[in-house]
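In terms of our numbering, the sequence shown opens at residue 177 and continues consecutively.
Even glycine gets a Cβ: it sits at the ideal position worked out from N, Cα and C.
Step one of this worksheet: look at the structure below.
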Amino acid sequence: MAAKIISFVNQKGGVGKTTTAVNLAAYLASHGQRILLIDLDPQGNASSGLGVQKPELGIYDVLMGDSSLTQAIQATDQENLSVLPATPDLAGATIELTDHPNKLKQVLGQLKEFDMVLIDAPPSLGALTINALTASNAIIIPLQAEYYALEGIAGMLDTVERIKQNLNPSLKTLGIVVTMFDTRTNLAQQVEQNVRQHFGDSVFWSVIPRNVKLSEAPSYGQTINKYAPISSGAGAYKRLAQEVMQRVQKL
Ligand SMILES: Nc1ncnc2c1ncn2[C@@H]1O[C@H](COP(=O)(O)OP(=O)(O)OP(=O)(O)O)[C@@H](O)[C@H]1O
Ligand SMILES: [Mg+2]
Numbered sequence: 177m178a179a180k181i182i183s184f185v186n187q188k189g190g191v192g193k194t195t196t197a198v199n200l201a202a203y204l205a206s207h208g209q210r211i212l213l214i215d216l217d218p219q220g221n222a223s224s225g226l227g228v229q230k231p232e233l234g235i236y237d238v239l240m241g242d243s244s245l246t247q248a249i250q251a252t253d254q255e256n257l258s259v260l261p262a263t264p265d266l267a268g269a270t271i272e273l274t275d276h277p278n279k280l281k282q283v284l285g286q287l288k289e290f291d292m293v294l295i296d297a298p299p300s301l302g303a304l305t306i307n308a309l310t311a312s313n314a315i316i317i318p319l320q321a322e323y324y325a326l327e328g329i330a331g332m333l334d335t336v337e338r339i340k341q342n343l344n345p346s347l348k349t350l351g352i353v354v355t356m357f358d359t360r361t362n363l364a365q366q367v368e369q370n371v372r373q374h375f376g377d378s379v380f381w382s383v384i385p386r387n388v389k390l391s392e393a394p395s396y397g398q399t400i401n402k403y404a405p406i407s408s409g410a411g412a413y414k415r416l417a418q419e420v421m422q423r424v425q426k427l
């Protein structure tokens, strides 16, 4: 069976896309799912978060036809978890991809070696994100639990609708995940309630708390299940992984 492709998208910066993609990837892999994480953000945070520093080849080379997938994909120190890293020249791909929304889908092909491919998208609605949306079976939207959380999301949902109409009719929303939830504030609880009222069942039950371990782990090139497996952040991503596996089965 071909891998299920899931992109982490939100054009707002710093909402937890990369943290969610990387740690979810680790827990899914620990459940025996064969996972490929594609770092589609020129910042390369997902690559370094998985301990990959200054890769020679990356998704840019694959997109440009200068490398095969096999050459550019790297194993990580976790079983079942591979990464297709980002190199800085990916920033330039925005220009090359603008007229080619299907490019990523084409280069990925069938990918029978993996059960799931997770794509960490950059904070924009540019050509890289459009390529991610076109290639995906579904999206996960991380939403930071703060006052303006819902405002930015409208533009993005419009883009998703447009992609569905023109390029990828079967694109689904796997779910919305509330991130950086500060348990001590009423505001965070109000925001969560608001998001649930607005989006109903598409919001995952697992909420990701604000947890300093989650922000420390990437500087050691480690995922949370290695760095702090009994932290609140680890527990939350572990539960989220269960929900994601259940929803992916229904895709
Ligand atoms: N639950 C959390 N608790 C504490 N810190 C967090 C949490 N989630 C993310 N962070 C930190 O917040 C910052 C932004 O998170 P992250 O990089 O995952 O967001 P992003 O949406 O991928 O950002 P960008 O849009 O720049 O790609 C990072 O420094 C990260 O370590
Ligand atoms: Mg990111």
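- The closest heavy atom of ligand 2 lies less than 8 Å from the beta carbon of Q219.
- Contact between L226 and L213 holds, since their C-beta atoms are separated by about 7 Å, short of 8 Å.
- At a Cβ-Cβ threshold of 9 Å, F184 and D275 do not count as neighbours.
- Q320 sits in a strand when the DSSP states are folded into three classes.
- Residue pairing of F357 in beta bridges, as defined by DSSP: P385.
- In the structure shown, Q250 falls within a strand segment according to DSSP collapsed to helix, strand and coil.
- Non-local C-beta neighbours of T335 in its own chain, meaning closer than 6 Å and more than five positions away in sequence, comprise L301, ordered along the chain.
- Taking C-beta atoms under 8 Å as the contact rule, I317 and N186 qualify, at a distance of about 6 Å.
- Pairwise C-beta distances place the segment 245 to 263 in contact with the segment 207 to 224, as three or more of them are shorter than 8 Å.
- By the neighbour-count criterion, in which a residue is buried when 16 or more other Cβ atoms sit within 10 angstroms of its Cβ, D377 is exposed.
- The Cβ atoms of K426 and Y203 do not sit closer than 9 Å to each other.
- The criterion of a C-beta distance shorter than 9 Å is not satisfied by L350 and A179.
- Per the coordinates, the alpha-carbon of S244 lies some 13 Å from the alpha-carbon of L280.
- In the DSSP assignment, G351 forms a beta bridge with I316.
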